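Here is the structure we will look at, set down as structure tokens.
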Amino acid sequence: MKLYKLLKRTGIFCLFLFSFSCSRSPVDLQEATAGDILTAVAKHKGEKAVLVNYWATWCGPCVEEFPMVVELSKEYADEAVVLFVSADWLDEKERALEFLKKQGVKGLSFIKNQKDNEFIDGIHKDWSGALPFTIVYGKNSGNVVDSWEAKKSAARFVEAFNKAINEGVKS
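This is the structure:
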């Protein structure tokens, strides 16, 4: 009888742990200011290039470009980090999270938690606020090596990745 109760309790506990671990999202969507994002980028200086893609669920070109950026993030995972930053309003956080999950994004992503102009100015002086916006930081210096507004081709992204990864490398 004691063995039965022990197995029953253990089974319920294991079921609880299993359901908790399965419900945990592979995406960690954090609210962030421009400063928070720049801090996250700086953590990779000297180790990996960083590409940050600013997007929103309501932005058609962002949604069109997104799967390609996700694919490239997987291809360049050994040499670069891709961070996604949603410009959706905070009350749309769950929608942004579901979009990220559906796109197969894993790990750290952000949702803007700052007034638009302050956020935009804090990210890059040349960003008008148009979406999508992509900014690429060099592996070695951590400085901006490329940035652009609007949807671009995979070739444009590949060029930027290579520039950031090989920054400062002499041929």
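If you're matching positions, the sequence shown starts at 1 in the numbering used here and goes up one per residue. All C-beta atoms in this analysis are idealised placements derived from N, C-alpha and C, irrespective of residue type, glycine included. Quick caveat: nothing in here was measured; it's all calculated off a predicted structure.
Residue burial annotation: residue 74 is exposed, with fewer than 16 other C-beta atoms found within 10 angstroms of its C-beta. For residue 156, the closest C-alpha among the options 86, 133, 139 is that of 133. With 16 or more neighbouring CB atoms inside 10 Å of its own CB, residue 139 falls in the buried class.
If only complete runs of 4 or more residues are kept, the region 79–151 shows the alpha helix (DSSP H) at 93–102, 116–123, in order along the chain. Each residue's CA atom was taken as its position, placing residue 44 and residue 60 some 30 Å apart. With 16 or more other Cβ atoms from the protein chains shown falling within 10 Å of its own Cβ, residue 55 counts as buried. Three or more pairs of CB atoms, one per stretch, sit closer than 8 Å, so the region 113–130 contacts the region 148–167.
When DSSP states are grouped into helix, strand and coil, residue 31 belongs to the strand group. Looking at the DSSP output, residue 54 shares a beta bridge with 85, 133.
Distances from the CA of residue 95 to each of 135, 137, 111, 83 were compared; the closest alpha carbon is that of 111. According to the DSSP assignment, residue 153 belongs to no alpha helix (DSSP H), since it is labelled neither H nor E.
Burial state of residue 118 is exposed, judged by a 10 Å Cβ sphere holding fewer than 16 other Cβ atoms. Residue 113 places its beta carbon 8 Å or farther from that of residue 167. Sorting 68, 77, 158, 165 by C-alpha distance to the C-alpha of residue 143 places 165 at the top.
When DSSP states are grouped into helix, strand and coil, residue 77 belongs to the coil group. According to DSSP, residue 49 shares a beta bridge with 80. Comparing C-alpha distances from residue 101 to each of 116, 90, 84 shows the shortest one belongs to 84.
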